[in-house]
């Protein structure tokens, strides 16, 4: 069969795929989705959260940050989904403006 | 004029204009929504069948003005779920109800037949049901159901005689599916059946061009049309206006450019649907045509126009390299080389792409509610939130009239939900069949150049395949389709050397996405035809060829993953007596005009892809039953049976103590799509895990009831998960890496008859040998096998979606009861190491993976020519025969 030369197999500069990728974070090889969320919720640990926060220019996570993070994780493991904003605001007793200010890069 | 007619025994007086159809009267005025509408009231589908004066009629074709004095019976007039008619019971007990959209119409046709002939034969049933289409069942169980109903009516047996004991075993028993009677009695509400008083009705202006700039949209004439309330364009969408499955390339409404025939440009809202449709026709859109990328070759050509600004037309490549295929082929004494193609195809669910949307509550705190046909409500919720710029949203899945992959994507929801926000009014978007075809994704066409080699004993040495996939105008999950095909590339066989390159290319054709099997049915068509061609060339029997080349535990697939179980040779042996019988029978038909042939096709379908995960919550209720909380769509497969029977089995509860909460994004876990045949293995596995946690908690607390558990201070709710062992993607350079962790095996045998003068092919029988582990509900399981084989036969012989030409069920060549064929299933149940419950996996897609190659190989056996370009239409067969001379 005539080989198609237009784009060789194994061309690493080809257009990016849309799938998952591994990254090294806080010494752990972790799988992330295409939007850079952790693939496995069970991979999460506090030192990983802190390292990811630093990637988002949050040098230190304070009590309010942890309150939001812990609520999100508890909500997920209880309900199997992410909360809507109204549920997040109610659950953390914070306004969305406050939460958005805590995580300027997004939640 | 005023008409008096009796409907379900009740006298009604109706002042009807001459255009009013009986279907519209029943559905819109009397709210008798058991009669369904699929075919744009063209009389093609029979879903609207009712009985008028003792005869089964398609109510969409009947004008009310001509029905003075008529007596009408609808499905609602037969029975209710609490007190069903014997035919309704028979449909459920025979396993003839899957999605349920066609069911009321079929029941009415059956009643009209049984009223005059309570003991009909198969041909009489086929004649009576000739106007009723069904996409799910392959018609086999429908014929069984009519015969069973006849036995009930003749008092030979009663439903109680055959209904499984609800207190008996839960696993491996065909307990009636929980939703069965609601569907059979017409009380199951599909989206268009939901009553929304005062809702605006929508219609969409869609592009007639495959590629063009939008220069101007003129609503002046449309806005003057009767009933028009308002219009909506892309600038009225407040979010990103992009429906991003994996790539943000598909607009809710096009801004400045259209990229395929059917791209949405503008929306009209009116008081009635007809008014909206008429006004949409009056919208003047000025287009400036652009060069059309009609094929991947054109799109990849130097200087071709780029379809999307931010990514090249050749948008994804996945190679696969195992061993040294080039060297192995050069050294192989026997090599076949061929070029095969598959067509763009429509998945063809009967239900149109209906959607209802409205705001619940006031102001910025209002929740936008979307009701539709999604098989992945949480993902769609998130896509809609971004696209429309409205976060507080809820998606509710209504009953869904089939989908076969296409509802992995958003179809009408973006426009409906966008309109509900824009007009601040409830809306109904109930598109017809032609528009539903335009707005939905299609099965990707594959172009495959293949070489397959073998040694002197017939052992496969190497496989080389070059695949080009036409992505169409938008990406959806095109990369996933290629990855799935790559993951399963070597099928059932041990192929030590593989070289493959798959390319995904944007064009101006209809966009592709999931379609039953999603990639493997196309790629496997090439492999299985090649294996049969190689057997031909070697002079080997195709069955022996498969046994000789079967992968064995400890050997690896094309991904390099080593398999632990591979019960494929046993399926070949189970098929052997059927195959021998068939070879003997066809021997007499090898000359003359009508010839017969037999062909084999195998499949090895992966379940539980790398990185797949599921999460299910289960809660003990005050009545000591349980509720399962998980977004498990059930567009017809029987996921309600799977969840109910698994939970009842695991917890030792009666079936009626298992409650399902599966359709509401505010109440359910986000457990992934009802796709990839993953629900039993992944979600069922997560359910079993949750049930085990609940059981353990009760044991630890010494509790046997809800009250005792609560008194012990234990929670009533437990969340179970299921995660595949491996997660990562295939290596982007070599295609090596983790693969599906379980495999469903199948071997199918097609027996066909070919008319050498007309080129017509008649499938006489499909025999399917399958092993997907222990079966939870045998009737549901067989229903998947039969429906899949029927769909596979359509894919092989008839069906094709041609943009701008395929507009209804006739031009699509929808399989009817006339084209239905005999089916036989050989079921083996090897428990899978990580299977759910007793070792079960899934079967919904595998069933059509081997069908097309089996049929094409049977045609070759009958007439001596290979048809390598699907579908194998009579014209292609005549041309091939003529060319051979």
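Chains as they are written, first to last, in the UniProt record's numbering: chain A, 1 to 107; chain B, 1 to 885. Ideal placement from N, C-alpha and C gives every residue a C-beta, glycine not left out.
- Local Cβ density within 10 Å of residue 220 of chain B, reported as buried at 16 or more and exposed below that: exposed
- Pick from B:551, B:553 and B:775 that is closest to residue 642 of chain B, judged by C-alpha positions: Taking only the C-alpha atoms, the option nearest residue 642 of chain B is B:775.
- For residue 194 of chain B versus residue 371 of chain B, is the C-beta spacing smaller than 8 Å? The Cβ-Cβ distance between residue 194 of chain B and residue 371 of chain B falls below 8 Å.
- Task: Look up residue 3 of chain A in the DSSP assignment and say whether it is helix, strand or coil.
- Result: Only weak support is given to the placement of residue 3 of chain A: the predicted model assigns it a pLDDT of 34, under 50, and the question is left unresolved by the model.
- Query: Considering residue 196 of chain B, what are the terminal residues of the alpha helix (DSSP H) in which it resides?
  - Reply: Segment: none, residue 196 of chain B is in no alpha helix (DSSP H) and carries neither H nor E.
- Message: Contact defined as beta carbons within less than 8 Å: I believe residue 72 of chain B pairs with residue 6 of chain B. What is the distance between those atoms, to the nearest angstrom?
- Response: 7 Å
- Distance cut-off 7 Å: residue 810 of chain B Cβ against heavy atoms of the ligand FAD: What this structure holds is no ligand at all, so the ligand FAD is not there to describe.
- Query: Residues in the stretch 57-91 of chain A with C-beta within 8 Å of chain B's C-beta atoms, listed in sequence order?
  - Reply: Listed by position, the residues of the stretch 57-91 of chain A near chain B (Cβ gap below 8 Å) are 77, 78, 79, 80, 81, 82, 84, 85 and 86.
- Item | Inter-residue Cα distance where the pair is residue 103 of chain B and residue 358 of chain B | 29 Å
- Message: Is the beta carbon of residue 509 of chain B closer than 8 Å to that of residue 344 of chain B?
- Response: yes
- Message: Taking the alpha-carbon of residue 569 of chain B as reference, which of B:849, B:828, B:596 and B:619 has the nearest alpha-carbon?
- Response: For residue 569 of chain B, the closest alpha carbon among the candidates B:849, B:828, B:596 and B:619 is that of B:828.
- Task: Tell whether a beta-carbon distance below 8 Å holds between residue 790 of chain B and residue 44 of chain B.
- Result: no
- the stretch 27-53 of chain A: which residues have C-beta closer than 7 Å to a C-beta of chain B, in chain order? 31, 34, 39 and 40
- Whose C-beta lies closer than 6 Å to the C-beta of residue 394 of chain B among residues of the same chain, with five residues either side of it excluded? 367, 369, 665 and 666
- Taking only the alpha-carbon atoms, compute the straight-line gap between residue 6 of chain A and residue 57 of chain B and give it to the nearest angstrom. Because residue 6 of chain A carries a pLDDT of 34, less than 50, the predicted location of this residue cannot be relied on, and the following value inherits that uncertainty. Their Cα atoms are separated by approximately 58 Å.
- Among B:244, B:170 and B:206, the one whose alpha carbon lies nearest that of residue 644 of chain B: B:170
- Across which residues does DSSP place residue 513 of chain B in a beta bridge pair? B:443
- Message: As an exercise, report each continuous alpha helix (DSSP H) stretch of at least 4 residues that is fully enclosed by the stretch 494-558 of chain B, in chain order.
- Response: 520-538 and 542-549
- Message: Using only the alpha-carbon positions, how far apart do residue 464 of chain B and residue 488 of chain B sit?
- Response: 14 Å
- Quick one: using the 10 Å Cβ neighbour count with 16 as the cut-off for buried, is residue 190 of chain B buried or exposed? That one is buried.
- Task: In angstroms with no decimal places, state the Cα-to-Cα distance between residue 77 of chain A and residue 615 of chain B.
- Result: 9 Å
- Jot down the residue ranges of each uninterrupted beta strand (DSSP E) in the stretch 704-763 of chain B, minimum 3 residues, whole runs only, in chain order. Correct list: 717-723 and 742-755.
- Message: Is it the case that the stretch 164-182 of chain B contacts the stretch 211-225 of chain B, given that we only count it when at least three CB pairs across the two stretches are under 8 Å?
- Response: no
- Message: With a threshold of 8 Å on Cβ separation, who are the neighbours of residue 873 of chain B within its own chain once the five nearest residues in sequence on each side are excluded?
- Response: These residues qualify, in order along the chain: 759, 797 and 798.
- Does DSSP put residue 798 of chain B in a helix, a strand or coil? coil
- Message: Please tell me whether residue 371 of chain B has its Cβ less than 8 Å away from any Cβ of chain A.
- Response: no
- Item | Residues that residue 512 of chain B contacts on chain A, provided the C-beta gap is smaller than 8 Å | Going along chain A, no residue has its Cβ under 8 Å from residue 512 of chain B, so there is no contact; the nearest lies around 14 Å.
- Message: Would you say residue 20 of chain A lies against chain B (beta-carbon separation less than 8 Å)?
- Response: yes
- Query: So is residue 391 of chain B in contact with chain A if we call contact Cβ pairs under 8 Å?
  - Reply: yes
- Message: Suppose you measure from the CA of residue 687 of chain B to the CA of residue 638 of chain B; what does that come to, to the nearest Å?
- Response: 16 Å
- Item | Residue-chain proximity (residue 692 of chain B, chain A), Cβ-Cβ < 8 Å | False, the Cβ-Cβ gap to chain A never drops below 8 Å.
- Query: Mind pulling the chain A residues with CB within less than 8 Å of residue 729 of chain B?
  - Reply: 17, 19, 20 and 21
- In the DSSP assignment, find the alpha helix (DSSP H) that holds residue 820 of chain B and state where it starts and stops. Where residue 820 of chain B is concerned, there is no enclosing alpha helix (DSSP H), given that its DSSP letter is neither H nor E.
- Contact list for the stretch 599-616 of chain B against chain A, Cβ threshold 8 Å: Near chain A, meaning a CB-to-CB distance below 8 Å, the residues of the stretch 599-616 of chain B are 611, 613, 615 and 616.
- Under a three-way DSSP split, which group does residue 604 of chain B fall into? strand
- chain A partners of residue 793 of chain B, CB-CB under 7 Å? Correct list: empty, because the minimum Cβ distance to chain A is about 30 Å.
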